[in-house]
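What follows is a set of notes on a single structure, which appears directly below.
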Ligand SMILES: Cc1cc2nc3c(=O)[nH]c(=O)nc-3n(C[C@H](O)[C@H](O)[C@H](O)COP(=O)(O)OP(=O)(O)OC[C@H]3O[C@@H](n4cnc5c(N)ncnc54)[C@H](O)[C@@H]3O)c2cc1C
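In the numbering used here, the protein residues as written are 8 to 331.
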């Protein structure tokens, strides 16, 4: 087997970043004439495998065990290691999720194989290389692996577009994994998004992001009303979090979250590189800023030069009127 994509379960459905990893695998398989497969691991693996069987892939594997019914890094690492030992994939692809950051380094250390993490693209023109950002996204380094054996690769959110996934029809095969309770030394707490009030910004389709231009905490309801009218989630640039107006899990950027919604509103955000790296994968960017020279306009699909405190309430009103 050449490429194995490992799925992550997001409340019973395939995580969007796993779909993006499948697109990466389909691209590599296409360009280098390689075989690819998808693995569903742990709880609900049959439901996930059934969904994955509708994509263009060689086969879908499942690895189930009662010790995997709740996520724990020891069990997942041991199970995936056994699958890798049996199937010997050249590449194992993941979305760069919190869970992957938790358990995949264990496999890398145990197998003594490289883990190229948070990769933003892959190139096949001059041998295979994977690009990774460095120095606060000011540089992109192309990484290649010289040795033989399995390479673990996780992709940054929005590195690939999940809408480009190719359909197909694949058989499902179960891979036996042997685990015992002695192997499980850790217990995972509730997933991050649960701790963060049920909000997973990386999966949000519409995000209303506020920057320092919102002026003061008392103005936040203006953005929240727009979010409510349009069915979006609130996020922010760092100064808003530093001021304590929003909790840190809502920060977008190099020291916050990386998001790729269908629609991203940047309200009073200048467009500093540390913010932009976290949202540049958004499909449509609408910027409202009173400074026509603000760098965010270089990135925006739609730009409005003006005072957000005047424009946003009118926009919300118009959306609500159109809905009624
Ligand atoms: C190591 C490091 C990590 C960092 N990580 C992050 C990160 O993860 N995320 C992040 O966001 N930043 C991060 N930063 C900070 C980053 O460099 C910027 O300072 C920050 O993004 C600026 O936020 P802002 O655009 O909200 O504020 P500003 O740059 O102050 O911009 C405010 C904007 O609002 C506009 N404005 C003001 N009033 C109005 C109004 N009434 N109507 C419309 N527009 C208005 C102004 O014209 C201006 O463009 C990091 C910095 C460092 C050094």
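Quick reminder that beta carbons are idealized off the backbone N, C-alpha and C, glycines included.
- Within 6 Å of the C-beta of residue 320 there is not a single heavy atom belonging to ligand 1.
- Within the model, the alpha-carbon separation for residue 132 versus residue 138 is close to 13 Å.
- Ranking 140, 230, 27 and 98 by CA distance to the CA of residue 274 puts 230 first.
- Only residues of its own chain outside the window of five on either side were considered, and among them 233 have a CB closer than 7 Å to the CB of residue 322, listed in chain order.
- Collapsing the DSSP output to three states places residue 41 in coil.
- In this structure, DSSP gives residue 237 a helical state, which the three-state scheme calls helix.
- In the structure shown, the three-state DSSP call for residue 93 is helix.
- Rounded to whole angstroms, the gap between the alpha carbons of residue 166 and residue 152 is 20 Å.
- Closest in C-alpha terms to residue 84, from the list 68, 193 and 9, comes 193.
- Beta-bridge partners of residue 110 (DSSP): none assigned.
- Cβ neighbours of residue 64 within its own chain (closer than 8 Å, five residues either side excluded): 12, 29, 32, 33, 43, 44, 45, 175 and 177.
- Here the region 257 to 275 makes contact with the region 284 to 303; the two share three or more CB pairs at distances below 8 Å.
- Relative to residue 159, the option among 196, 179, 190 and 98 whose CA is nearest is 98.
- Under a 10 Å Cβ-count criterion, residue 16 is classified as buried, with 16 or more other Cβ atoms of the shown protein chains found around its own Cβ.
- Residue 23 is not a Cβ neighbour of residue 211, given a cutoff of 7 Å.
- Shortest Cα-Cα distance from residue 140 to any of 285, 190, 76 and 279 involves 285.
- Between the C-alpha atoms of residue 109 and residue 95 there is a straight-line separation of about 22 Å.
- Bounds of any alpha helix (DSSP H) do not take in residue 196, whose DSSP letter is neither H nor E.
- The three-state reading of DSSP puts residue 266 in coil, since its state is none of H, G, I, E or B.
- Residue 239 is a Cβ neighbour of residue 213, given a cutoff of 7 Å.
- According to the DSSP assignment, residue 291 belongs to the beta strand (DSSP E) that extends over 291 to 296.
- In the structure shown, residue 167 adopts coil according to DSSP, grouped into three states.
- Only residues of its own chain outside the window of five on either side were considered, and among them 123, 136, 137 and 139 have a CB closer than 7 Å to the CB of residue 150, listed in chain order.
- For residue 264, the CB stays at least 6 Å from every heavy atom of ligand 1.
- With a cutoff of 7 Å on beta-carbon distance, residue 216 and residue 242 are scored as near each other.
- In this structure, ligand 1 has a non-hydrogen atom nearer than 6 Å to the beta-carbon of residue 282.
- Residue 68 sits close to residue 182, with the two beta carbons spaced by under 7 Å.
- Distance from the C-beta of residue 145 to the nearest heavy atom of ligand 1 is not below 6 Å.
- Residue 163 sits away from residue 208, with the two beta carbons spaced by 7 Å or more.
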